[in-house]
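In what follows, a single structure is set out as structure tokens and then discussed.
There are 2 protein chains.
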Amino acid sequence: MEKNKIGAKPLLYPMPTTLVGANVSGKPNYLVIAYCNIVNYNPPLISVSLLKNHYTLLGIKENRTFSVNIPSAEMVKTVDYCGLVSGHKVDKSKLFNTFYGALKTAPMIEECPLNLECKLVRTLEFPENEAFIGEIVEAYAEQRYLTNALPDIKKLDPIIFSSHDYNYWKVGENLARAFHVGKELISENE
Amino acid sequence: MEKNKIGAKPLLYPMPTTLVGANVSGKPNYLVIAYCNIVNYNPPLISVSLLKNHYTLLGIKENRTFSVNIPSAEMVKTVDYCGLVSGHKVDKSKLFNTFYGALKTAPMIEECPLNLECKLVRTLEFPENEAFIGEIVEAYAEQRYLTNALPDIKKLDPIIFSSHDYNYWKVGENLARAFHVGKELISENE
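Going line by line, the protein sequences match chains Z and P. Number 137 in the numbering used here belongs to position 137 of the first sequence; there are no gaps in the numbering. Number 197 in the numbering used here belongs to position 7 of the second sequence; there are no gaps in the numbering.
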């Protein structure tokens, strides 16, 4: 085995492909973001990290609310478009049908199979990015995307992002049950 | 379209499956973590969020270094085992071959196709979790996992985690090129 040093790069596989939504001056804007993940289980806290010049950032600061929307593979062209053009120049409010929840100011995308409505609880300053920690106050999904009242990853058909080579991928086959498949090793190692 | 309120839960699809490594009292320990993502591009900063009682957390605080290792699908049984047993009770140092890089105290897993060596730069306190922000000081991979000197997601064959229903999945087919497939919409919307 020979490991190559491939350089200090922000590599991680897989990354999610999300559309972060915020109202900027009263109009919805949506931005494609892969730097997103959960940071606390209960209460459910999610972190989205945006470059400081992103238009959407203005809306998050203005309303202290935002949304994380999980698009499906069939939306890939429009999703990619949201990453190619800035809300500074283009009105992205007409790309999707927008709905609102209890927070009133976090625009969510009807066409996305899963929507997380978030209340800003903390802002973190990094050299190039600003991370927004949101408490998920509600999640929304149509019945057809659920199995046993929970989102079903195969029904959602979310988009995986691979960084640096810049590609989108689909979720493939089921590999194993988590917190289960490793049980047979417990007796061997104890 | 009727959206159901499915409750305020920490949902996100896909999530990565990583093995976070740290030396605890001089011995490597590895923990499976899905709450992990990049928070800054340059310098490359990565966040891992651990429950406060996790054994690995002691090592991160002790040395101010840790690693994020991306396991491949064929390692799923051992990966899952790392999530089932705690370093408080079981010595997980013998499960893998460990190597070290420039930081000397961040144990990395030879068998994982990609290793990120991290220096702790910031700690964030959340109600149940503690998030560690690490600067990636080097990344390691064997030649066979690279295409054009970058990790190739299909060669890595990383494990996707789906939360709440607790399943592991493989990466499937290529969907589209990012920052490219949406270009044809630019003229239509301008």
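Ideal placement from N, C-alpha and C gives every residue a C-beta, glycine not left out.
For residue i and chain Z, any beta-carbon pair shorter than 8 Å?
| i | result |
| --- | --- |
| residue 367 of chain P | yes |
| residue 351 of chain P | yes |
| residue 261 of chain P | no |
| residue 214 of chain P | no |
| residue 373 of chain P | yes |
| residue 245 of chain P | no |
| residue 197 of chain P | yes |
| residue 326 of chain P | yes |
| residue 252 of chain P | no |
Quick check on the DSSP output: the alpha helix (DSSP H) that includes residue i runs from which residue to which?
| i | result |
| --- | --- |
| residue 63 of chain Z | 55-63 |
| residue 310 of chain P | First-last for residue 310 of chain P: 304-315, but that is the beta strand (DSSP E), not the alpha helix (DSSP H). |
What are the boundary residues of the beta strand (DSSP E) that includes residue i?
| i | result |
| --- | --- |
| residue 193 of chain P | 193-195 |
| residue 360 of chain P | 357-367 |
Shorter than 8 Å from the beta carbon of residue i to some beta carbon of chain P?
| i | result |
| --- | --- |
| residue 75 of chain Z | no |
| residue 126 of chain Z | yes |
| residue 96 of chain Z | no |
| residue 65 of chain Z | no |
| residue 85 of chain Z | yes |
| residue 227 of chain Z | The question about residue 227 of chain Z has no answer, for chain Z in this structure spans 1 to 190. |
| residue 172 of chain Z | yes |
| residue 29 of chain Z | no |
| residue 166 of chain Z | yes |
In the DSSP assignment, what residue or residues form a beta bridge with residue i?
| i | result |
| --- | --- |
| residue 140 of chain Z | Z:115, P:195 |
| residue 257 of chain P | P:211, P:307 |
| residue 288 of chain P | P:299 |
| residue 262 of chain P | P:348 |
| residue 78 of chain Z | None, per the DSSP bridge assignment. |
| residue 148 of chain Z | Bridge partners of residue 148 of chain Z: none, in fact. |
| residue 134 of chain Z | Z:46, Z:120 |
| residue 241 of chain P | P:319 |
Any heavy atom of the ligand MG closer than 7 Å to the beta-carbon of residue i?
| i | result |
| --- | --- |
| residue 81 of chain Z | As for the ligand MG, it is missing from this structure, which has no ligand bound. |
Whole beta strand (DSSP E) elements within the region 204-239 of chain P, 3-residue minimum:
Taking only runs of at least 3 residues, the beta strand (DSSP E) segments lying wholly in the region 204-239 of chain P are 208-214, 217-223, 226-230.
Going along the chain, which residues of the region 34-53 of chain Z sit with their C-beta nearer than 9 Å to a C-beta in chain P?
34, 35, 36, 37, 38, 39, 40, 41, 42, 43, 44, 45, 46, 47, 49, 51
Residues of the region 199-212 of chain P with Cβ closer than 9 Å to any Cβ of chain Z, in chain order:
199, 200, 201, 202, 203, 204, 205, 206, 207, 208
Residues of the region 335-348 of chain P in Cβ contact with chain Z at a cutoff of 8 Å, in chain order, please.
336, 337, 338, 339, 340, 341, 342, 343, 346, 348
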